[in-house]
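Engineer: Mind looking over this structure? Questions follow.
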Amino acid sequence: MTLFHFGNCFALAYFPYFITYKCSGLSEYNAFWRCVQAGATYLFVQLCKMLFLATFFPTWEGGAGVYDFVGEFMKATVDLADLLGLHLVMSRNAGKGEYKIMVAAMGWATAELVMSRCLPLWVGARGIEFDWKYIQMSFDSNISLVHYIAMASVVWMFTRYDLPKSFRLPVTVLLGLCVYKAFLMELFVHMFLLGSWTALLVKALLTGVVSLCSLFLFVTLVHSN
Amino acid sequence: MFEEASEVFDNMFKTSFPLTFIVFIPAVLILVSPLPADAAHEFTVYRMQQYDLQGQPYGTRNAILNTEARSVEAEVLSRRCVIMRLVDFSYEKYQKALRQSAGAVVIILPKNMSTMPQDIVQQFMELEPEMLATETIVPVYFALEDEELLSIYTQTLTSSPTQGSSTAAEGVHVLDRAHSRSKKYLSVGETGGRLAGVGGEDLPTIVLVAHYDAFGVAPWLSYGADSNGSGVSMLLELARLFSRLYTYKRTHAGYNLLFFVSGGGKFNYQGTKRWLEDNLDHTDSSLLQDNVAFVLCLDTLGNGDGLHLHVSKPPKEGTPQHALLRELESVVASQYPELKFSMVHKKINLADDTLAWEHERFGIRRLPAFTLSHLPSHRLAERSSIMDVRSVSPSSPEQEHQGGGRGAGQSHLQPDGEGEQEQLSSVVDWLTAQPRAAQLLDKDSSVVSTLEHQLGRYLKDVKRHYVKADKRDPEFVFYDQLKQQMNAYRVKPAIFDLLLAFCIAAYLGVMYLAIQNFGLLYSVIRKVTQPKAKTH
Numbered sequence: 001m002t003l004f005h006f007g008n009c010f011a012l013a014y015f016p017y018f019i020t021y022k023c024s025g026l027s028e029y030n031a032f033w034r035c036v037q038a039g040a041t042y043l044f045v046q047l048c049k050m051l052f053l054a055t056f057f058p059t060w061e062g063g064a065g066v067y068d069f070v071g072e073f074m075k076a077t078v079d080l081a082d083l084l085g086l087h088l089v090m091s092r093n094a095g096k097g098e099y100k101i102m103v104a105a106m107g108w109a110t111a112e113l114v115m116s117r118c119l120p121l122w123v124g125a126r127g128i129e130f131d132w133k134y135i136q137m138s139f140d141s142n143i144s145l146v147h148y149i150a151m152a153s154v155v156w157m158f159t160r161y162d163l164p165k166s167f168r169l170p171v172t173v174l175l176g177l178c179v180y181k182a183f184l185m186e187l188f189v190h191m192f193l194l195g196s197w198t199a200l201l202v203k204a205l206l207t208g209v210v211s212l213c214s215l216f217l218f219v220t221l222v223h224s225n
Numbered sequence: 001m002f003e004e005a006s007e008v009f010d011n012m013f014k015t016s017f018p019l020t021f022i023v024f025i026p027a028v029l030i031l032v033s034p035l036p037a038d039a040a041h042e043f044t045v046y047r048m049q050q051y052d053l054q055g056q057p058y059g060t061r062n063a064i065l066n067t068e069a070r071s072v073e074a075e076v077l078s079r080r081c082v083i084m085r086l087v088d089f090s091y092e093k094y095q096k097a098l099r100q101s102a103g104a105v106v107i108i109l110p111k112n113m114s115t116m117p118q119d120i121v122q123q124f125m126e127l128e129p130e131m132l133a134t135e136t137i138v139p140v141y142f143a144l145e146d147e148e149l150l151s152i153y154t155q156t157l158t159s160s161p162t163q164g165s166s167t168a169a170e171g172v173h174v175l176d177r178a179h180s181r182s183k184k185y186l187s188v189g190e191t192g193g194r195l196a197g198v199g200g201e202d203l204p205t206i207v208l209v210a211h212y213d214a215f216g217v218a219p220w221l222s223y224g225a226d227s228n229g230s231g232v233s234m235l236l237e238l239a240r241l242f243s244r245l246y247t248y249k250r251t252h253a254g255y256n257l258l259f260f261v262s263g264g265g266k267f268n269y270q271g272t273k274r275w276l277e278d279n280l281d282h283t284d285s286s287l288l289q290d291n292v293a294f295v296l297c298l299d300t301l302g303n304g305d306g307l308h309l310h311v312s313k314p315p316k317e318g319t320p321q322h323a324l325l326r327e328l329e330s331v332v333a334s335q336y337p338e339l340k341f342s343m344v345h346k347k348i349n350l351a352d353d354t355l356a357w358e359h360e361r362f363g364i365r366r367l368p369a370f371t372l373s374h375l376p377s378h379r380l381a382e383r384s385s386i387m388d389v390r391s392v393s394p395s396s397p398e399q400e401h402q403g404g405g406r407g408a409g410q411s412h413l414q415p416d417g418e419g420e421q422e423q424l425s426s427v428v429d430w431l432t433a434q435p436r437a438a439q440l441l442d443k444d445s446s447v448v449s450t451l452e453h454q455l456g457r458y459l460k461d462v463k464r465h466y467v468k469a470d471k472r473d474p475e476f477v478f479y480d481q482l483k484q485q486m487n488a489y490r491v492k493p494a495i496f497d498l499l500l501a502f503c504i505a506a507y508l509g510v511m512y513l514a515i516q517n518f519g520l521l522y523s524v525i526r527k528v529t530q531p532k533a534k535t536h
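Taken in order, these protein sequences are the chains called B and E.
Sequential numbering from 1 applies to the first sequence in UniProt numbering.
Sequential numbering from 1 applies to the second sequence in UniProt numbering.
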């Protein structure tokens, strides 16, 4: 029943995207092609990041047990390019703030789902051997969706000209958290030696907190006038 | 959304033809890709012997396996792979597995045999011939133990008692992609050389023979340290001794010496049989045709504290054989009193399936021959066991070697050379470093060429020749596929997948409701933040 297991994992990963697309009203705006364009921008940005990392960052020569904090921190900084990419996508789309955010986030997250999760699921979940990591991967993709929506909204807020001064700091902090989330997760796993399910839980909590804060700020911003 | 998607794809197809290829061909290729074998653990298994002796099949068949693994204590064993460890092995359990037509039997052997208690080793050695005696359709495999295999075994142990015949439990699944087997015929390489005696043309010849192959219940695990690694190493040592002695006129005896390392020994001494045919029937003149004083075969001299000379006819007084017997007795009595020496007389029985000792081959061709061995009987299991590995006690072999060597040497001269311990042990080490079952050694095997090289250092006229079995009427027929890779996976039962599907459906339902009612959350937050804004 291994194809069945693949079906399970794929449904778990993909259906929330589908539901979000349907229920957020994007389908009324014919946003499919724009989402695909956002996905293409995602690919381009990832390619640039990979080239940059490969060229400028040396391989870590140390032992296996030591975690290279500084090196990983620098590598995580390169993820700032993600923000630039999101900004690019959103600036090319005309429309309301929510529309821009949703289009950019959906396209970006779907591209990440297809690129980094579909192939491992296809190759791995179809095998005879059972491993919990495929279910975890699918959950992770759900968390990523929420994360990218939060990230896109924070980027949008950052670039608004009418952002009140008091919001600058929280928005910047949230922006930083978004970019370094992966780095923080690895830090936690390494320092506290978390199990895989615990790590997933921590990741979900972190993303939940970030997205709730960004939602608060967004609502306040949009309805403050 | 699907309408938009189809619109997009339509545009794609209409505008550019190559784009469709770029999109579709990889998708199709990925969809039809074969299933990768990503196993929990992949290990090598060695199959039990399988051969036909004069049409009668022996040993185990081969099979493609895709079964669940069970331990032998479980009740239902049919069509399952039974895994047992050597410490728990007993003949009744093995019979139980065979009676219930198990899918396969895998016996886990420890990597280092010396960690096993002696009685278990002895018991297994005695069971080996019984396991081989009849043909079974259940494939029997041997695997060497490592940590992963041990953990798989403990998992099957814990899950087996709770399972009846249900397939709906968590367990280990064993997969073996075996190909169909094919027949093989024995082809052996053998080598030999000679040393010429002093004085005249028509000197009598003494022949020294040892066979270099080994036999066990699994061919890839037959290292044969004692049987017959000890015999070959002793032969090389005697060659070295006599070549040194023959360089000095004082110790150069009036006998031609012929040394021969034969193959196919465990399969009714096929190599020796063909060598005799070649030399006696097909060649015009050979040392074997003229005056042969006697033939001494060396077989299993490593362990033990007894030395036996096996003869098919007790030697008469006044013959060289009798002189050798007397010399051996006197050497043992004077210098090695703790060795028990005796002569064992066994008539050649041509009605038996296989010949007992190598000297019987020579006896059939009317050449006087005997075999020197520490085993009192040819039926003992030590001659054909996979437990016969290198870690044997080193004290008795040197006594055996020196006793036998001195006895052989003193039959006509006074040697004062001594066996070099390191040389002996290094030869046995080299021999036991590889499995030497006759099926595995073919023309290109390095064993024969190395032996030839070694003999070439001491002897003259060292030649190598090959013997191939007659395809029309072979005495032995072998089957290959003796070493395979087996994969073990940890699987979850089918019910688990269904359960998981239910849970995921429930989760997705909750997600759907949450997203549908996202507006509620939005308005709540708005209400929370609104009063704050109003007060600013």
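All residues carry an ideal CB built from backbone N, CA and C; glycine is no exception.
My understanding is that B:Leu194 touches B:Thr20, with C-beta atoms under 8 Å, so please give their C-beta distance in whole angstroms.
Structural biologist: The Cβ separation is near 28 Å, so there is no contact.
Engineer: Can you tell me the Cβ-Cβ gap for E:Leu372 and E:Leu455, rounded? I've got them flagged as a contact below 8 Å.
Structural biologist: Wrong, their Cβ atoms sit about 19 Å apart, outside the cutoff.
Engineer: Taking CB distances under 8 Å as the criterion, tell me whether B:Ala11 reaches chain E.
Structural biologist: yes
Engineer: Please state the DSSP three-state secondary structure of E:Asp52.
Structural biologist: strand
Engineer: Is there a Cβ from chain B that is less than 8 Å from the Cβ of E:Arg526?
Structural biologist: yes
Engineer: Counting only beta-carbon separations shorter than 8 Å, does E:Met511 have a partner in chain B?
Structural biologist: yes
Engineer: Beta carbons nearer than 9 Å to chain B: which residues of the stretch 216-234 of chain E have them?
Structural biologist: none
Engineer: Report the partner residues of residue 546 of chain E according to the DSSP bridge assignment.
Structural biologist: One cannot answer for residue 546 of chain E here, as it falls past the ends of chain E, which runs 1 to 536.
Engineer: Excluding five sequence neighbours on each side, which residues of the same chain lie with their C-beta closer than 7 Å to the C-beta of E:Asn268?
Structural biologist: Excluding residues within five positions, the ones whose Cβ falls inside 7 Å are Thr354, Leu355 and Glu475.
Engineer: Which same chain residues, not among the five before or five after E:Glu358, have their C-beta less than 7 Å away from its C-beta?
Structural biologist: Val209, His211, Gly265, Tyr269, Thr272, Cys297, Asp299 and Thr371
Engineer: Between the stretch 254-261 of chain E and the stretch 467-482 of chain E, are three or more C-beta pairs nearer than 8 Å?
Structural biologist: no
Engineer: In terms of residue numbering, what span does the alpha helix (DSSP H) encompassing E:Thr450 cover?
Structural biologist: That run of the alpha helix (DSSP H) goes Ser446 to Tyr458.
Engineer: Give the residues of chain C in contact with E:Gln516, contact being defined as C-beta atoms less than 9 Å apart.
Structural biologist: Protein chains B and E are contained in the structure displayed, whereas chain C is not.
Engineer: So, using beta-carbon positions, are B:Phe52 and B:Ala125 closer together than 8 Å?
Structural biologist: Taking 8 Å as the cut-off, the beta carbon of B:Phe52 is found no closer than this to the beta carbon of B:Ala125.
Engineer: Can you tell me where the beta strand (DSSP E) holding E:Val292 begins and where it ends?
Structural biologist: First-last of the beta strand (DSSP E) with E:Val292: Val292 to Leu298.
Engineer: Between the alpha carbons of E:Val188 and E:Pro219, how many angstroms are there, rounded?
Structural biologist: 15 Å
Engineer: Report the partner residues of E:Ser342 according to the DSSP bridge assignment.
Structural biologist: E:His308
Engineer: Should the stretch 232-250 of chain E be regarded as contacting the stretch 143-160 of chain E, the criterion being three or more beta carbon pairs within less than 8 Å?
Structural biologist: no
Engineer: Under a three-way DSSP split, which group does B:Tyr134 fall into?
Structural biologist: helix
Engineer: When DSSP labels each residue in this structure, what does E:Ser90 get in the three-state scheme?
Structural biologist: coil
Engineer: Of all the residues that make up the stretch 104-133 of chain B, which are near chain E by a beta-carbon distance shorter than 9 Å?
Structural biologist: Leu119, Trp122, Val123, Gly124, Arg126, Gly127, Ile128, Glu129, Phe130 and Asp131
Engineer: Out of B:Pro170, B:Ala204 and B:Lys165, which one is the CA nearest neighbour of B:Leu184?
Structural biologist: In terms of Cα proximity to B:Leu184, the closest of B:Pro170, B:Ala204 and B:Lys165 is B:Ala204.
Engineer: Measuring alpha carbon to alpha carbon, tell me which residue in E:Gly224, E:Val292 and E:Ala133 is nearest E:Gly302.
Structural biologist: Scanning E:Gly224, E:Val292 and E:Ala133 for the CA closest to the CA of E:Gly302 turns up E:Gly224.
Engineer: Does E:Lys340 get closer than 8 Å to chain B when you measure Cβ to Cβ?
Structural biologist: no
Engineer: Apart from the five residues on each side of it in sequence, which residues of its chain come closer than 7 Å, Cβ to Cβ, to E:Glu452?
Structural biologist: Thr191, Val462 and Arg464
Engineer: Which of the residues in the stretch 476-504 of chain E, read from start to end, lie with their CB under 7 Å from any CB of chain B?
Structural biologist: Tyr489, Arg490, Val491, Lys492, Ala494, Asp497, Leu500, Ala501 and Ile504
Engineer: B:Phe130 and E:Ile525: beta carbons closer than 8 Å?
Structural biologist: Remark: C-beta atoms of B:Phe130 and E:Ile525 do not approach each other more closely than 8 Å.
Engineer: Indicate whether the contact test is met: 3 or more Cβ pairs, each with one atom in the stretch 373-381 of chain E and one in the stretch 122-135 of chain E, closer than 8 Å.
Structural biologist: They touch, by the three-pair rule.
Engineer: Since B:Phe218 and B:Ser153 are thought to touch, with beta carbons under 8 Å apart, how far apart are those beta carbons, to the nearest angstrom?
Structural biologist: 5 Å
Engineer: Using 8 Å as the threshold, is the C-beta distance between E:Gly263 and E:Ile386 below it?
Structural biologist: no
Engineer: Would you kindly work out how many angstroms separate the C-alpha atoms of B:Tyr148 and B:Ala76, rounded to a whole number?
Structural biologist: 16 Å
Engineer: Taking the straight line between their C-alpha atoms, what separation do you get for E:Phe496 and B:Trp197?
Structural biologist: Distance from the CA atom of E:Phe496 to the CA atom of B:Trp197, rounded to whole angstroms, is 19 Å.
Engineer: Return yes when the C-beta of B:Ser211 is under 7 Å from any heavy atom of the ligand FMN, and no when it is not.
Structural biologist: In the structure on display, the ligand FMN does not appear, and there are no ligands present to speak of.
Engineer: Compute the Euclidean distance between the alpha carbons of B:Cys23 and E:Ile515, then round it to the nearest angstrom.
Structural biologist: 7 Å
Engineer: Provide the residue span of the beta strand (DSSP E) that contains E:Ile108, from first to last.
Structural biologist: Ala104 to Leu109
Engineer: At which residues does the alpha helix (DSSP H) containing B:Phe192 begin and terminate?
Structural biologist: The continuous alpha helix (DSSP H) containing B:Phe192 extends over residues Lys181 to Phe192.
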